[in-house]
Amino acid sequence: PVFMVHIVGLFFLGKPINENLKAWIELASMFSNFIKKIREKLLAFWVDKRGATLIALLYVIKSYNKSVKSIELLGVIPVFFKIIPQRSPKHLDHHPNALYISAFRVNNEFVHVVGVKSKGMIKFQHIFDDSDFHLLS
């Protein structure tokens, strides 16, 4: 069987991460544990943009050894490598091979960019000094 992991529903009604950092971390941890259990059962799955964002968020939080005072999601860019034309573009399995690039401003000092594949794996990360990041945009 194939499981498509799709984070639906409220997603905290679009509230900024800083408004409830603990709850976001808890949600990201629960999602990460869920993905781990699916992997252990050797089941196929994909994550969508929201799921990839949670994976990236948890990765960033862990990278700073819990010294995150503030974090802001600057944006997520999806890059689709393969499209299954028989599926509706609204279906997650229409684009099963994707890379989601998330950018977070951390502690108003750094911009942490993380790439997560639709299989839930971190593919790359880079940390910019916040002042350098503004030069790139």
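The opening residue of the sequence shown carries number 83 in the numbering used here; numbering runs sequentially from there. Glycine included, every Cβ here is placed at the ideal spot set by N, Cα and C. Note that the structure is predicted; figures quoted are calculated from it, not measured.
Taking the beta strand (DSSP E) that residue i belongs to, which residues open and close that run?
{"i": "residue 157", "result": "153-164"}
{"i": "residue 179", "result": "179-188"}
Evaluate residue i with the Cβ neighbour count: other Cβ atoms within 10 Å of its Cβ, from every protein chain shown; 16 or more gives buried, anything less gives exposed.
{"i": "residue 161", "result": "exposed"}
{"i": "residue 142", "result": "buried"}
Work out the CA separation of residue j and residue i for me, nearest whole Å.
{"i": "residue 103", "j": "residue 195", "result": "18 Å"}
{"i": "residue 124", "j": "residue 200", "result": "16 Å"}
{"i": "residue 203", "j": "residue 108", "result": "19 Å"}
{"i": "residue 156", "j": "residue 117", "result": "24 Å"}
{"i": "residue 222", "j": "residue 126", "result": "Shown here, the chain extends from 83 to 219; a query on residue 222 therefore has no answer."}
{"i": "residue 211", "j": "residue 131", "result": "25 Å"}
{"i": "residue 122", "j": "residue 205", "result": "20 Å"}
{"i": "residue 164", "j": "residue 133", "result": "19 Å"}
What span of residues does the alpha helix (DSSP H) with residue i cover, start to end?
{"i": "residue 205", "result": "Note, residue 205: premise wrong, no alpha helix (DSSP H); beta strand (DSSP E) at 204-211."}
{"i": "residue 115", "result": "103-122"}
Can you tell which of the options has the C-alpha that lies nearest to the C-alpha of residue i?
{"i": "residue 110", "options": "127, 120, 121 and 144", "result": "144"}
{"i": "residue 197", "options": "120, 156, 112 and 181", "result": "181"}
{"i": "residue 105", "options": "153, 120 and 207", "result": "153"}
{"i": "residue 158", "options": "133, 164 and 185", "result": "185"}
{"i": "residue 128", "options": "179, 156 and 191", "result": "179"}
{"i": "residue 151", "options": "112, 208, 206 and 187", "result": "187"}
{"i": "residue 135", "options": "189, 121 and 113", "result": "113"}
{"i": "residue 139", "options": "163, 183 and 164", "result": "183"}
{"i": "residue 147", "options": "131, 115 and 189", "result": "189"}
{"i": "residue 137", "options": "191, 207 and 149", "result": "207"}
Which of helix, strand or coil does DSSP assign to residue i?
{"i": "residue 198", "result": "strand"}
{"i": "residue 149", "result": "coil"}
{"i": "residue 125", "result": "coil"}
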